[in-house]
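Chains Y and E, in that order, are what the protein sequence lines are.
1 is the number of the first residue of the first sequence in my numbering; add one for each residue after it.
1001 is the number of the first residue of the second sequence in my numbering; add one for each residue after it.
One structure below.
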Amino acid sequence: MYSKFVDTSFCIEKPIILLNITKYILLTNKRVLPMANTLLKMSSLSRKVFMALAGTFLLVFLLVHLGINLFLLRNDGGEWFNLAAGFMSTNYLVKVFEIFLLAAFLIHILIGIILKLQNWRSRPKGYAVTGKTPTSFFSRYMIWTGLTILTALIIHFIDFYFVKMGLIEVPAGAADKHDFYAMAVMKFSDMTYVIVYYVWLLVLGLHLYHAFQSVFQTFGFNHNKYTPGLKRCAAVYAVVVTLGFMVIPTYFQFFFQS
Amino acid sequence: MKFTLKIWRQNDAKSKGKFVTYKIDNISSDSSFLEMLDQLNQRLINNDDSISVPGCPVHYDHDCREGICGMCGLYINGRPHGPDKGVTTCQLHMRKFKDGATIVIEPWRAKAFPLIRDLVVDRTALDTIIQAGGYISVKTGSAMEANSTPVPKHLAEKAMDAAACIGCGACVAACPNGSAMLFVGAKVAHMAYLPQGKPEAMRRVQSMVKVMDDCGFGNCSNAYACEYECPKEISVTHIAKMNRDFLQANLMSEKEIA
């Protein structure tokens, strides 16, 4: 269905790339507005449940993504990594999950924005003295860490997902649009990209730490026996995902010999 | 003791308010915060020489002055009910402040709590939520024989913990999102734990949450400022109880409550 946007002869020029992406966004946009409207009409608690459901799906997805990315560490010229990436982009079951994944991202982002706008509206006049109540630092900045992750996600889409879709021309150096190994190696050899990538991951870690424990509270699971343990699990999860993804560019910067 | 008070003065909801600075001395360290304000007001009424800014007395809510009515509520130095933990404004003593300190006093700030005058806000929204279902709709008559309705000890304790809520609105004032989740959570939970409240539990949580949304309170973002500032130290586990009751109610109920 996306093939109508593909016109590789023109894709060399940057404006065309932007046009293609805009078309892609507009295409999804037809579904975004009715979805936002439905979410807006929902009860605040139901919305939180959907937020948490979408979030949980994303939490699991990140682990899968990390698992595949770790194949990059095998010094086999990307054989295993491309095999795994190929499986993820061709398997029909995964393709079904891809729709769920995009929907989860969309729902999660939309609800996040709706929540924040409503929360700002609920206190039109603020206090003169603020920040004296010790609250979860992570909770307060969820929208900002979230938006940072969204920016990163857009760049990530431009770098990889849109290339696979054929919306963006395959970068020179990669064999074809499925040669993610070559694309990843190129990105991770660039010091600037790696530093930005580290910052994104730290922000993602902060987001995930609050996200993991919030899921349980939203589903109504807060128990004096398990909640302290779950908070530790949240910390472990956030650290594992952040460090796990960080290992890969570190390897390509300092230890990789092609 | 001597204090510099920066008090929010506003004639009515429509007029523009501002901070007025009063200097007050000769305050006993054993007087409560409200007694200190009483003395300020008496000096304002007497047009006392020690008052630098003459004017009409400061309006603030108070009633029982023993920490159980939930009427008083001032946002003192950036915290609802001031720096002491687990007490209402009326039970906060001046010895908790340093001699010569500057104290900033603001009203509760939330869209659902429109300002009436100075430090008095209209907390009718909380009563509206109670009217939506925070009761048991059968005539109970006089007290029954206690053992005719068996209540397990641990549930009685939980219900009592939730029922400690005095509805002062400190949770809303403390919440970075102006959300009333702790209040509604407590009011839903203290009945849902008990056999008398069980039959209507599902309908109650649905209609109370709906009215809460309609009143213009913000959404919960699990910051837990409410739990920290609650003068009755009500736990956010009651919010979790409401979340799971609401989820269950929405999944199981046959028809939505209008």
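By construction, the Cβ of each residue, glycine as well, lies at the ideal position given by its N, Cα and C atoms.
Min CB distance residue i to chain Y below 8 Å
{"i": "Cys1168 of chain E", "result": "no"}
{"i": "Arg1123 of chain E", "result": "no"}
{"i": "Arg1109 of chain E", "result": "yes"}
{"i": "Tyr1224 of chain E", "result": "yes"}
{"i": "Pro1195 of chain E", "result": "no"}
{"i": "Phe1246 of chain E", "result": "yes"}
{"i": "Cys1220 of chain E", "result": "yes"}
{"i": "Tyr1075 of chain E", "result": "yes"}
{"i": "Pro1231 of chain E", "result": "no"}
{"i": "Val1120 of chain E", "result": "no"}
{"i": "Gly1134 of chain E", "result": "no"}
{"i": "Ala1240 of chain E", "result": "yes"}
{"i": "Pro1176 of chain E", "result": "yes"}
{"i": "Tyr1060 of chain E", "result": "no"}
{"i": "Val1138 of chain E", "result": "no"}
{"i": "Thr1128 of chain E", "result": "no"}
{"i": "Gly1078 of chain E", "result": "yes"}
{"i": "Thr1237 of chain E", "result": "yes"}
{"i": "Glu1106 of chain E", "result": "yes"}
CB of residue i within 8 Å of CB of residue j, strictly
{"i": "Arg1109 of chain E", "j": "Lys48 of chain Y", "result": "no"}
{"i": "Gly1141 of chain E", "j": "Cys1175 of chain E", "result": "no"}
{"i": "Ala1146 of chain E", "j": "Leu1194 of chain E", "result": "no"}
{"i": "Gly1167 of chain E", "j": "Gly1070 of chain E", "result": "yes"}
{"i": "Asp1122 of chain E", "j": "Ile1130 of chain E", "result": "no"}
{"i": "Ala1112 of chain E", "j": "Val1172 of chain E", "result": "yes"}
{"i": "Ile248 of chain Y", "j": "Leu72 of chain Y", "result": "yes"}
{"i": "Ala1164 of chain E", "j": "Lys1232 of chain E", "result": "yes"}
{"i": "Ile1024 of chain E", "j": "Leu1005 of chain E", "result": "yes"}
{"i": "Leu204 of chain Y", "j": "Thr151 of chain Y", "result": "no"}
{"i": "Asn82 of chain Y", "j": "Phe180 of chain Y", "result": "yes"}
{"i": "Lys259 of chain Y", "j": "Val170 of chain Y", "result": "Residue 259 of chain Y falls outside the range modelled here, since chain Y spans only 1 to 258, and no answer is possible."}
{"i": "His223 of chain Y", "j": "Ser136 of chain Y", "result": "no"}
{"i": "Asn1250 of chain E", "j": "Ser46 of chain Y", "result": "yes"}
CB contact check: residue i to chain E, cutoff 8 Å
{"i": "Ser189 of chain Y", "result": "no"}
{"i": "Thr135 of chain Y", "result": "yes"}
{"i": "Val129 of chain Y", "result": "yes"}
{"i": "Met35 of chain Y", "result": "no"}
{"i": "Leu45 of chain Y", "result": "yes"}
{"i": "Lys48 of chain Y", "result": "yes"}
{"i": "Lys41 of chain Y", "result": "no"}
{"i": "Ser214 of chain Y", "result": "yes"}
{"i": "Gly126 of chain Y", "result": "yes"}
{"i": "Lys23 of chain Y", "result": "no"}
{"i": "Ser89 of chain Y", "result": "no"}
{"i": "Met1 of chain Y", "result": "In this predicted model, Met1 of chain Y has a pLDDT of only 37, less than 50, meaning its place in the structure is not dependable; the value taken from the coordinates is given anyway. Not closer than 8 Å to any Cβ of chain E, the Cβ of Met1 of chain Y fails to qualify, so no."}
{"i": "Lys30 of chain Y", "result": "no"}
{"i": "Lys177 of chain Y", "result": "no"}
{"i": "Lys132 of chain Y", "result": "yes"}
Buried versus exposed call for residue i [16 or more other C-beta atoms within 10 Å across all chains shown]
{"i": "Ile111 of chain Y", "result": "buried"}
{"i": "Met1181 of chain E", "result": "buried"}
{"i": "Gly173 of chain Y", "result": "exposed"}
{"i": "Asp1099 of chain E", "result": "exposed"}
{"i": "Phe245 of chain Y", "result": "buried"}
{"i": "His1081 of chain E", "result": "buried"}
{"i": "Ser122 of chain Y", "result": "buried"}
{"i": "Asn1046 of chain E", "result": "exposed"}
{"i": "Ser1235 of chain E", "result": "buried"}
{"i": "Val199 of chain Y", "result": "exposed"}
{"i": "Glu79 of chain Y", "result": "exposed"}
{"i": "Pro228 of chain Y", "result": "exposed"}
{"i": "Pro1114 of chain E", "result": "exposed"}
{"i": "Cys1064 of chain E", "result": "exposed"}
{"i": "Pro998 of chain E", "result": "It is not possible to answer for residue 998 of chain E, since the shown part of chain E is limited to 1001 through 1258."}
{"i": "Lys4 of chain Y", "result": "Confidence is the limiting factor: at Lys4 of chain Y the pLDDT is only 43, short of 50, which leaves the residue's position unreliable, though a coordinate-based value still follows. That one is exposed."}
{"i": "Cys1090 of chain E", "result": "buried"}
{"i": "Lys1210 of chain E", "result": "buried"}
{"i": "Gly146 of chain Y", "result": "buried"}
Within-8 Å CB hit, residue i to chain C
{"i": "Gly166 of chain Y", "result": "Protein chains Y and E are contained in the structure displayed, whereas chain C is not."}
### Query
the segment 1204–1217 of chain E: which residues have C-beta closer than 7 Å to a C-beta of chain Y, in chain order?
Cβ contacts with chain Y: Val1209, Lys1210, Asp1213, Gly1216, Phe1217.
### Task
Name, going along the chain, the residues of the segment 1002–1026 of chain E whose beta-carbon falls closer than 9 Å to a beta-carbon of chain Y.
Lys1006, Trp1008, Gly1017, Phe1019
### Query
Taking a cut of 9 Å between CB atoms, which residues from the segment 216–240 of chain Y lie near chain E?
Phe216, Gln217, Thr218, Phe219, Gly220, Phe221, Asn222, His223, Asn224, Thr227
### Task
Residues of the segment 1147–1172 of chain E with a CB closer than 7 Å to any CB of chain Y: list them in chain order, please.
none
### Residues, ordered as in the chain, of the segment 101–123 of chain Y that lie near chain E by beta-carbon distance below 7 Å
Taking 7 Å as the upper bound on Cβ-Cβ separation, chain E lies near residues Leu115, Gln118, Asn119, Arg121, Ser122, Arg123 of the segment 101–123 of chain Y.
### Task
Pick out the complete alpha helix (DSSP H) segments inside the segment 1186–1255 of chain E, 4 residues or longer, and give them in chain order.
1201–1214, 1225–1229, 1237–1252
### Query
Got a sec: which bits of the segment 1082–1100 of chain E sit with their beta carbon under 7 Å from any beta carbon on chain Y, in order along the chain?
none
### Task
May I have a chain-ordered list of the alpha helix (DSSP H) segments no shorter than 4 residues that lie completely inside the segment 132–216 of chain Y?
137–140, 142–156, 162–165, 180–189
#### Entry: the segment 1031–1047 of chain E: positions lying closer than 7 Å to chain Y by Cβ
none
### Message
Restricting to runs no shorter than 3 residues, where is the beta strand (DSSP E) found entirely within the segment 1024–1055 of chain E?
### Response
none
### Task
Please list the residues of the segment 142–164 of chain Y that have a C-beta atom closer than 8 Å to any C-beta atom in chain E, keeping them in chain order.
Cβ contacts with chain E come from Met142.
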